[in-house]
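Encoded as structure tokens, the structure appears first; notes follow it.
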Amino acid sequence: MLSTTLSCAPSKLKKEVKKAKHTPSSQMLKSKELNIDLFHKTMKPVEQVLKDTSVKDGISDIALVGGSTCISKVQQLIKEYFKKDPSKGIIPDKVIAYATAVLGGIVSGKDGFNAIFLIGVCPSSLAIKTTSSISTELTPCNTIVPTKKSWIFWTTANNQPTILIQVIKGGHLLAMETPLLDKFKLSGMPPAQRSVPQIEVTFEIDANSILKVAASDKGT
13 MLSTTLSCAP SKLKKEVKKA KHTPSSQMLK SKELNIDLFH KTMKPVEQVL
63 KDTSVKDGIS DIALVGGSTC ISKVQQLIKE YFKKDPSKGI IPDKVIAYAT
113 AVLGGIVSGK DGFNAIFLIG VCPSSLAIKT TSSISTELTP CNTIVPTKKS
163 WIFWTTANNQ PTILIQVIKG GHLLAMETPL LDKFKLSGMP PAQRSVPQIE
213 VTFEIDANSI LKVAASDKGT
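First residue of the sequence shown: 13, per my numbering; consecutive thereafter.
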């Protein structure tokens, strides 16, 4: 009885090994199948960035950022889109830490960082809600900071004593489609016919991407 049990053991072990090898493979295929829509969605920000900067043809290296970029399907989509393999020189989980170290070197003036030029940009467009449904963009997305821009607006009613300044995020023409960041009132305006007062609104973004909004009546 003992010899029979032992003789069956190698066959049983071999079967279990094959099963163990097959199970992860099946789970991986199922995972790709369930998440394929999410994988394709990751390419939309990539396409948008390249559309905004118009530099797709000038890209020499592709750095992956974040642990999720280690997923083979994500890497495959990146390779197919750019027609080249992503860089393997930096571990995706360490890219942010590496970039932070480089920034620290630039700010502190360390030797060897003089040739690196850091450019800050506004990550999203900023606008003023000018009517109940329309917005006017003052600072487009990817504007280099620091920056300062002004725009002239007019009143829409006779003897209008105050104007509500509403700062919104996003470049959508319809104000209702964009989130409100903040608002304030310009008060104490003297009586005047509509469209006569000239209201200057200024957006100023410093090197730390801090936004300051000011409004003034140019006639007072």
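Backbone N, C-alpha and C define an ideal beta-carbon position, used for all residues, glycine too.
CA-CA distance, residue 63 and residue 55? Rounded to the nearest whole angstrom, the CA to CA distance from residue 63 to residue 55 is 12 Å.
Residues in the same chain with beta-carbon distance under 7 Å from residue 193, minus the five sequence neighbours each way, listed in chain order, please. Sequence-distant partners of residue 193 (beyond 5 residues in either direction) whose C-beta falls short of 7 Å from its own C-beta, in its chain, are 179, 180, 181.
Answer yes if the segment 154 to 162 comes into contact with the segment 215 to 224, meaning at least three C-beta pairs across the two stretches below 8 Å, and no otherwise. They touch, by the three-pair rule.
Report the rounded CA-to-CA distance for residue 155 versus residue 65, giving the unit in angstroms. Rounded to the nearest angstrom, the two C-alpha atoms are 11 Å apart.
Can you give me the Cβ contacts of residue 121 inside the same chain, cut-off strictly under 6 Å, excluding the 5 residues immediately before and after it? So no residue of the chain qualifies.
Helix, strand or coil: which one does DSSP assign to residue 192? DSSP places residue 192 in strand when its eight states are reduced to three.
What number of angstroms, rounded off, separates the C-alpha of residue 176 from the C-alpha of residue 198? The alpha-carbon of residue 176 is positioned some 6 Å away from that of residue 198.
Supposed contact pair residue 86 and residue 51 - C-beta distance, whole angstroms, cut 8 Å: Beta-carbon to beta-carbon, residue 51 and residue 86 are separated by about 6 Å, close enough to satisfy the 8 Å threshold.
Return helix, strand or coil for residue 148, following the three-state DSSP convention. Three-state DSSP puts residue 148 in a strand.
To the nearest angstrom, how far is the alpha carbon of residue 116 from that of residue 168? Taking C-alpha positions only, residue 116 is separated from residue 168 by approximately 49 Å.
Cross-strand partners of residue 157 (DSSP beta bridge): Partner(s): 132.
By a C-beta neighbour count over all protein chains shown, 10 Å radius and 16 as the cutoff for buried, is residue 151 buried or exposed? Residue environment analysis places residue 151 among the buried positions, since at least 16 neighbouring C-beta atoms fall within 10 angstroms of its C-beta.
Expressed to the nearest angstrom, what Euclidean distance is found between the alpha-carbon atoms of residue 146 and residue 164? So the two alpha carbons sit approximately 16 Å from each other.
By the 10 Å Cβ neighbour count, where 16 or more other Cβ atoms means buried, how is residue 211 classified, buried or exposed? Here residue 211 is buried, its C-beta having at least 16 other C-beta atoms within 10 Å.
Report back the beta-carbon spacing between residue 118 and residue 128 to the nearest angstrom; my notes put them in contact at under 8 Å. Right, their Cβ atoms sit about 6 Å apart.
C-beta contact flag for residue 94 and residue 131 at 8 Å: Not in contact: residue 94 and residue 131 (Cβ atoms no closer than 8 Å).
Please report the distance separating the alpha-carbon of residue 172 from that of residue 141. Computed Cα separation, rounded: 17 Å.
Taking 8 Å as the cut-off, decide whether the C-beta atoms of residue 166 and residue 209 are in contact. Closer than 8 Å, so yes.
Should residue 190 go down as buried or exposed, given a rule of 16 or more other Cβ atoms within 10 Å for buried? Buried, because 16 or more other Cβ atoms sit within 10 Å of the Cβ of residue 190.
Residue 228: first and last residue of the uninterrupted beta strand (DSSP E) it sits in: In the DSSP assignment, residue 228 falls within the beta strand (DSSP E) that extends over 223 to 229.
7 Å CB neighbourhood of residue 228 in its chain, flanking five on each side removed: Around residue 228: 212.
Could you spell out where the beta strand (DSSP E) holding residue 3 opens and where it closes? Residue 3 is absent from the model: the chain starts at 13 and stops at 232.
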